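As given, the protein sequences belong to chains A and B, one line each in that order. The numbering of the first sequence is our numbering, which starts it at 1 and goes up by one. The numbering of the second sequence is our numbering, which starts it at 155 and goes up by one.
Number of protein chains: 2
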Amino acid sequence: MNSKTSQAAGTGALPSTARSLPIALIRAREGVMLPIRDMLSDTGITEQQWRVLRVLSEFGPLDTKTLADRASLLFPSLTRIANTLKEKGLVTQTRDKADRRRQFVEITLAGQKLIDDHSDQAARIVDRFKATLGAENYEQLLDLLARLDPDNPG
Amino acid sequence: MNSKTSQAAGTGALPSTARSLPIALIRAREGVMLPIRDMLSDTGITEQQWRVLRVLSEFGPLDTKTLADRASLLFPSLTRIANTLKEKGLVTQTRDKADRRRQFVEITLAGQKLIDDHSDQAARIVDRFKATLGAENYEQLLDLLARLDPDNPG
DNA sequence: TGGCAATAATTAACATGTTAAGGATTCGTA
DNA sequence: TACGAATCCTTAACATGTTAATTATTGCCA
Numbered sequence: 001m002n003s004k005t006s007q008a009a010g011t012g013a014l015p016s017t018a019r020s021l022p023i024a025l026i027r028a029r030e031g032v033m034l035p036i037r038d039m040l041s042d043t044g045i046t047e048q049q050w051r052v053l054r055v056l057s058e059f060g061p062l063d064t065k066t067l068a069d070r071a072s073l074l075f076p077s078l079t080r081i082a083n084t085l086k087e088k089g090l091v092t093q094t095r096d097k098a099d100r101r102r103q104f105v106e107i108t109l110a111g112q113k114l115i116d117d118h119s120d121q122a123a124r125i126v127d128r129f130k131a132t133l134g135a136e137n138y139e140q141l142l143d144l145l146a147r148l149d150p151d152n153p154g
Numbered sequence: 155m156n157s158k159t160s161q162a163a164g165t166g167a168l169p170s171t172a173r174s175l176p177i178a179l180i181r182a183r184e185g186v187m188l189p190i191r192d193m194l195s196d197t198g199i200t201e202q203q204w205r206v207l208r209v210l211s212e213f214g215p216l217d218t219k220t221l222a223d224r225a226s227l228l229f230p231s232l233t234r235i236a237n238t239l240k241e242k243g244l245v246t247q248t249r250d251k252a253d254r255r256r257q258f259v260e261i262t263l264a265g266q267k268l269i270d271d272h273s274d275q276a277a278r279i280v281d282r283f284k285a286t287l288g289a290e291n292y293e294q295l296l297d298l299l300a301r302l303d304p305d306n307p308g
């Protein structure tokens, strides 16, 4: 035990771990992902793979960089995930003919079907959290979180 | 591209991935951890190892279960992290004599020194985020995040 | 007291996060 | 037009996240 435990806000000292922002973010993410992982458990895909499919479904075929950006994944992760999804037949990957360094990823019919088959259930999960916090708080939470993202225009 | 893109709130449809709570949580965590990882880069320990040391420093010796709880780590992760920290001489581990299944973890002097040597810098990082959002918003953010944690008494 | 359920922790196996290094291709420009 | 810098992506290596199986110990109770 040291001398820096549970201070008031803004004192320039470290907060108690119980009021730590990183830990709070982890716990919240854990709570939010729980029902989503549960929903995905019978599909055999992970939350990250689901995220990639969702982005592709929303925006259409994307180059790897844009896809990584919108799905919030690092390149090395995306490389592996794209390979996995290809093996599962949920996406296809084609090389850009104009710039042979670039790749385009596109969702397949099977991939789109997986999204369609679960979008209602996913929407209910979102609505449940919205109800938990109240619509107004939910929107403000999204805004506050966005302000912590350095890549955000805000 | 499907038909379920960018709906108003509470319509029962999936939101655009740009307003997705899981993605917002990931991005925010990314933004918050960036300066912390930066601070830790010269110590050779990870953010999770830092979290474990912080909890031990705050609460004193803890059994593995309580430690996992307070540091928001799963058991398998904690097992590995505890071994790593032991090898680095930052914690010690002792078996409970009353119940030989249980282990207690305790921070060492070297571990405490690592915390002390960085607590000012860590506190400045926290204060910067507090200033970014404003103290009031910062506290509300912590409260909203806590309400998404199922293990929370709220 | 013998045996089975419950608990604490570890191990295993696989996916992802993270940083650094390496390949392939393109671009800019001297 | 040759060549070095920049870009896109992959691979490598290690740490963590996640789920399931396993081990060791304790507790319960017939």
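Note that the Cβ used here is the ideal one computed from N, Cα and C, for glycine as well. Remember, predicted model here, so these are calculated numbers, not experimental data.
Please confirm whether residue i has its beta-carbon closer than 8 Å to some beta-carbon of chain B.
i: residue 17 of chain A; result: yes
i: residue 150 of chain A; result: yes
i: residue 102 of chain A; result: no
i: residue 64 of chain A; result: no
i: residue 21 of chain A; result: yes
i: residue 105 of chain A; result: no
i: residue 89 of chain A; result: no
i: residue 77 of chain A; result: no
i: residue 126 of chain A; result: yes
I'd like to know if residue i contacts chain A, where contact means its C-beta is closer than 8 Å to some C-beta of that chain.
i: residue 193 of chain B; result: no
i: residue 283 of chain B; result: yes
i: residue 212 of chain B; result: yes
i: residue 264 of chain B; result: no
i: residue 209 of chain B; result: yes
i: residue 237 of chain B; result: no
Report the residue from the options whose alpha carbon sits nearest the alpha carbon of residue i.
i: residue 287 of chain B; options: B:180, B:186, B:168; result: B:186
i: residue 102 of chain A; options: A:63, A:16, A:125, A:54; result: A:63
i: residue 181 of chain B; options: A:70, A:91, A:49; result: A:70
i: residue 57 of chain A; options: A:144, A:39, A:100, A:118; result: A:118
i: residue 51 of chain A; options: A:38, A:61, A:67, A:42; result: A:67
i: residue 203 of chain B; options: B:176, B:214, B:231; result: B:231
i: residue 215 of chain B; options: B:195, B:245, B:238; result: B:245
i: residue 112 of chain A; options: A:55, A:84, A:123; result: A:55
i: residue 155 of chain A; options: B:289, B:293, B:298, B:281; result: Residue 155 of chain A falls outside the range modelled here, since chain A spans only 1 to 154, and no answer is possible.
i: residue 263 of chain B; options: B:239, B:253, B:284; result: B:239
i: residue 94 of chain A; options: A:88, A:87, A:106; result: A:106
i: residue 151 of chain B; options: B:284, B:199, B:179, B:281; result: Because residue 151 of chain B is not part of the residues shown, which for chain B are 155 to 308, the question remains open.
i: residue 104 of chain A; options: A:151, A:74, A:79; result: A:79
i: residue 72 of chain A; options: B:292, B:268, B:173; result: B:173
Which of the three DSSP states is assigned to residue i in this structure?
i: residue 157 of chain B; result: Low per-residue confidence applies at residue 157 of chain B: pLDDT is 41, beneath 50, and the placement is therefore not dependable, though the value from the model is reported in the following sentence. Coil.
i: residue 100 of chain A; result: coil
i: residue 63 of chain A; result: strand
i: residue 262 of chain B; result: coil
i: residue 141 of chain A; result: helix
i: residue 307 of chain B; result: coil
i: residue 46 of chain A; result: coil
i: residue 195 of chain B; result: coil
i: residue 226 of chain B; result: coil
i: residue 185 of chain B; result: helix
i: residue 113 of chain A; result: helix
i: residue 240 of chain B; result: helix
For residue i, list the residues DSSP reports as bridge partners.
i: residue 95 of chain A; result: A:103
Should residue i be listed as close to the ligand ATP, given that the test is whether its C-beta is under 7 Å from any heavy atom?
i: residue 139 of chain A; result: Within the structure as shown, the ligand ATP is missing, as the structure has no ligands at all.
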